[in-house]
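Comments concern the structure below.
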Amino acid sequence: IGLYARRPVRCVPLTATHCRLRLAWSREHALWTPQQWSCVMFSDESRFSFQSDSRRTFIWIAPGTRYHQENTIERQRYGGAGWLVWGGIILGSRTDLHVQSVTMTGHIYRDVILEQHVRLFRGAMGAEFLFMDDNARPHRANIVDECLQSEDITHMDWPAYSPDLNPIEHVWDMLGR
Numbered sequence: 001i002g003l004y005a006r007r008p009v010r011c012v013p014l015t016a017t018h019c020r021l022r023l024a025w026s027r028e029h030a031l032w033t034p035q036q037w038s039c040v041m042f043s044d045e046s047r048f049s050f051q052s053d054s055r056r057t058f059i060w061i062a063p064g065t066r067y068h069q070e071n072t073i074e075r076q077r078y079g080g081a082g083w084l085v086w087g088g089i090i091l092g093s094r095t096d097l098h099v100q101s102v103t104m105t106g107h108i109y110r111d112v113i114l115e116q117h118v119r120l121f122r123g124a125m126g127a128e129f130l131f132m133d134d135n136a137r138p139h140r141a142n143i144v145d146e147c148l149q150s151e152d153i154t155h156m157d158w159p160a161y162s163p164d165l166n167p168i169e170h171v172w173d174m175l176g177r
């Protein structure tokens, strides 16, 4: 019969605009050198829920169809109790993980993440440093933009709904197992 059991691929729902912007970003960065990428700090936060997220669900799929729409499940926002964990990685180094039980706000992001973590890497790396975050609402608060500007931290443009482009997602995957 040729079927085998696999977990459905988790994905974020993308509009045509999201797809167009992701493609443009990918083309713009396709020829970057390893030296250019080595100056980028990839950052993200992930919620680890105390409730099941259905990763024990298996489906039957035919070979070569893993990424077909019928074999994927859209990622839903976590609900219930859990921890929010933030981290940053850069070639050859990483930040400490920041763990909190409350929702991320612009004030927390500025006071804790930028001031206590990102600013130190910017100081160590100099003007070549690029900071990547995923454009979540707290990341784009006016007080955050003002802090980035005052600390001379260059923010990398990032397409919305593109966690698969961020290498730190592999860290969250390992921690979530």
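FYI, the numbering for the sequence shown is 1 to 177, going by the UniProt record's numbering. Backbone N, C-alpha and C define an ideal beta-carbon position, used for all residues, glycine too. All values reported here derive from a predicted model rather than from experimental measurement.
With 16 other Cβ atoms within 10 Å as the buried cut-off, status of residue i
{"i": "Met-174", "result": "exposed"}
{"i": "Pro-34", "result": "exposed"}
{"i": "Ser-46", "result": "buried"}
{"i": "Val-99", "result": "exposed"}
{"i": "residue 195", "result": "As displayed, the chain neither begins before 1 nor continues past 177, which places residue 195 out of reach and without an answer."}
{"i": "residue 193", "result": "Residue 193 lies beyond the stretch modelled for the chain, which goes from 1 to 177, so this question has no answer here."}
{"i": "Asp-164", "result": "exposed"}
{"i": "His-170", "result": "exposed"}
{"i": "Leu-148", "result": "buried"}
{"i": "Gly-176", "result": "exposed"}
For residue j and residue i, believed in contact at Cβ under 8 angstroms, the rounded distance
{"i": "Tyr-161", "j": "Val-9", "result": "At roughly 15 angstroms, the Cβ-Cβ gap does not stay under 8 angstroms, so Tyr-161 and Val-9 are not in contact."}
{"i": "Arg-7", "j": "Thr-57", "result": "6 angstroms"}
Straight-line Cα distance separating residue j from residue i
{"i": "Trp-32", "j": "Ile-1", "result": "45 angstroms"}
{"i": "Thr-15", "j": "Trp-158", "result": "16 angstroms"}
{"i": "His-68", "j": "Ala-24", "result": "23 angstroms"}
{"i": "Leu-114", "j": "Arg-137", "result": "15 angstroms"}
{"i": "Leu-97", "j": "Ser-43", "result": "11 angstroms"}
{"i": "Glu-146", "j": "Glu-128", "result": "20 angstroms"}
{"i": "Phe-48", "j": "Asp-133", "result": "19 angstroms"}
{"i": "Ala-30", "j": "His-155", "result": "19 angstroms"}
{"i": "Met-125", "j": "Leu-91", "result": "12 angstroms"}
{"i": "Asn-166", "j": "His-117", "result": "18 angstroms"}
{"i": "Arg-22", "j": "Glu-28", "result": "10 angstroms"}
{"i": "Tyr-78", "j": "Met-104", "result": "Any reading at Tyr-78 must be qualified, since the residue scores a pLDDT of 48, below 50, and its modelled position is unreliable; no value is offered."}
{"i": "Trp-37", "j": "Ile-168", "result": "14 angstroms"}
Residues bridged to residue i [DSSP beta-bridge criterion]
{"i": "Arg-94", "result": "Ile-89"}
{"i": "Met-132", "result": "Phe-42"}
Inset, instruction - Evaluate contact between the stretch 82 to 93 and the stretch 55 to 70, counting only Cβ atoms and requiring at least three cross-stretch pairs below 8 angstroms. - result: Contact fails: fewer than three Cβ-Cβ distances are below 8 angstroms.
Legend entry - the stretch 138 to 146 touching the stretch 105 to 121, judged by at least three CB pairs closer than 8 angstroms: At 8 angstroms Cβ cutoff, the stretches touch.
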